[in-house]
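As they're listed, the protein sequences go chains A and B. Take the first sequence: its letters are residues 1159 to 1270, numbered as in the numbering used here. Take the second sequence: its letters are residues 16 to 133, numbered as in the numbering used here.
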Amino acid sequence: LAKTTQPISMDSYEGQEVNITCSHNNIATNDYITWYQQFPSQGPRFIIQGYKTKVTNEVASLFIPADRKSSTLSLPRVSLSDTAVYYCLVGALSSNTGKLIFGQGTTLQVKP
Amino acid sequence: GAVVSQHPSWVICKSGTSVKIECRSLDFQATTMFWYRQFPKQSLMLMATSNEGSKATYEQGVEKDKFLINHASLTLSTLTVTSAHPEDSSFYICSARDRGTRGFTEAFFGQGTRLTVV
Chain A
1159 LAKTTQPISM DSYEGQEVNI TCSHNNIATN DYITWYQQFP SQGPRFIIQG YKTKVTNEVA
1219 SLFIPADRKS STLSLPRVSL SDTAVYYCLV GALSSNTGKL IFGQGTTLQV KP
Chain B
16 GAVVSQHPSW VICKSGTSVK IECRSLDFQA TTMFWYRQFP KQSLMLMATS NEGSKATYEQ
76 GVEKDKFLIN HASLTLSTLT VTSAHPEDSS FYICSARDRG TRGFTEAFFG QGTRLTVV
C-alpha cells in the first residue's frame, strides 16, 4: 500500500486559494488518488479523485504530475467552513475490497 | 447517492460492559466493510475488514476477541466492543465501497460513533 506524506497543518485566510500537496512516491500503476475532508466528530467526506493530469469538480481541483509521485489539492477561495482535516489516500478503488489506509492528514485552519 | 449509516451516533457505557455498533449500507450492497478507530487529534486507524458471510480480517495489533465483527448480510456489519474499558473510548467509523453517481468506485463513510466508557 502506498504511503502518503502531507504537511501536518496549514493556515489560510478567507478568500484565498489553498494548495495542499501530498507525496506518494511508491504509488502503484492501478492506484487512484483520492482526497477526503473530515470535520470534527464526523466521518470523512469525498472531495475529489484522480489518476493523472488534472481533475476539477465543483469544489476543488486535483493536479497530478506525469510521474504521479505527488498530487496537489487546490481549494479556490476558501471560507471559514473549509476549516477541516484533509486526507490524501492512494489505493486501487476499482476493487471494493481493497483497504484504504489514512495518513496523518493536513489540518487546514481558515482565518477571517 | 450511496449512504452508509451508523448507529448509535454516540454511546456511554460502564466499564466491563459490551457495546454494539451497527453499520448499514442504505441503498447498496456491500460485501466488504471497513472499521476504523480515531482518537482525538489523530488520523483514522484501520481496525479490520468485515467480509459478508466469513470471518473478519483484523489489522496487526487489533484484538479480535475484544472487537467482535459480524457481517451477516450484504447491508449490515456490526462491531461489538466487549468488556469495554476507558481506553476503548474513541470515535469508531465504518466504510463501504460502491460505484457512486460520479461513475467510479468511491469509499463512503458512516457518520461515526462516539464511544465513551466510564
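Ideal Cβ placement from N, Cα and C applies to all residues, glycine included.
Below-8 Å beta-carbon distance, residue i vs any chain B residue
i	result
A/PRO1202	yes
A/GLN1262	yes
A/LYS1257	yes
Amino acids of chain B, ordered along the chain, whose beta-carbon sits closer than 8 Å to that of residue i
i	result
A/ILE1166	Per Cβ cutoff of 8 Å: no residues; A/ILE1166 is ~11 Å from chain B at best.
Interface partners of residue i on chain A, CB under 9 Å
i	result
B/GLN126	SER1199, GLN1200 and GLY1201
B/PHE49	LYS1257 and LEU1258
B/ALA17	Per Cβ cutoff of 9 Å: no residues; B/ALA17 is ~10 Å from chain A at best.
B/ALA134	Past the edges of chain B, shown from 16 to 133, lies residue 134 of chain B, and the structure says nothing about it.
Residue i beta carbon near the ligand ATP (any heavy atom closer than 7 Å)
i	result
A/GLY1261	With respect to the ligand ATP, the structure shown offers nothing to examine, as it has no ligands at all.
Euclidean distance between Cα positions of residue i and residue j
i	j	result
A/ASP1225	B/MET60	28 Å
A/THR1264	A/TYR1244	5 Å
B/SER88	B/THR64	15 Å
A/ILE1206	A/LEU1258	15 Å
A/TYR1190	A/PHE1260	14 Å
A/ARG1203	B/ILE36	20 Å
A/ASN1177	A/SER1239	16 Å
B/SER69	A/THR1187	30 Å
B/LYS79	B/SER30	19 Å
Per-residue contacts from residue i into chain A (C-beta, under 8 Å)
i	result
B/PHE82	Chain A residues near B/PHE82: none, gap ~16 Å exceeds 8 Å.
B/ILE108	GLY1201 and PRO1202
Short CB-CB distance (under 8 Å) between residue i and chain A
i	result
B/SER58	yes
B/THR95	no
B/LEU61	yes
B/THR116	no
B/ARG129	yes
Per-residue contacts from residue i into chain A (C-beta, under 7 Å)
i	result
B/THR64	LYS1257
Worksheet item: For the segment 1202-1220 of chain A against the segment 1167-1176 of chain A, are there 3 or more C-beta pairs whose distance is under 8 Å?
Response: In short, these stretches do not touch, since the Cβ pair count stays below three.
Worksheet item: Three or more C-beta pairs closer than 8 Å, one from the segment 76-92 of chain B and one from the segment 118-126 of chain B: is that the case here?
Response: With the cut-off at 8 Å, the segment 76-92 of chain B and the segment 118-126 of chain B do not touch.
Discussion item. Across the segment 1235-1244 of chain A and the segment 1187-1207 of chain A, are there enough close Cβ pairs to call them in contact, namely three or more that are closer than 8 Å?
Written reply: The segment 1187-1207 of chain A and the segment 1235-1244 of chain A touch, with three or more beta-carbon pairs separated by less than 8 Å.
Practice prompt. Determine contact between the segment 98-106 of chain B and the segment 41-48 of chain B, defined as no fewer than three beta-carbon pairs at a distance below 8 Å.
Written response: Short answer: they don't touch.
Discussion item. Taking 8 Å as the cut-off, does the segment 1169-1183 of chain A touch the segment 1218-1238 of chain A (at least 3 CB pairs, one atom from each stretch)?
Written reply: Judged by Cβ distances under 8 Å, the segment 1218-1238 of chain A makes contact with the segment 1169-1183 of chain A, as three or more pairs qualify.
Worksheet item: Any residues in the segment 67-91 of chain B with a beta carbon nearer than 7 Å to a beta carbon of chain A? Which ones, in chain order?
Response: Listed in sequence order: no entries.
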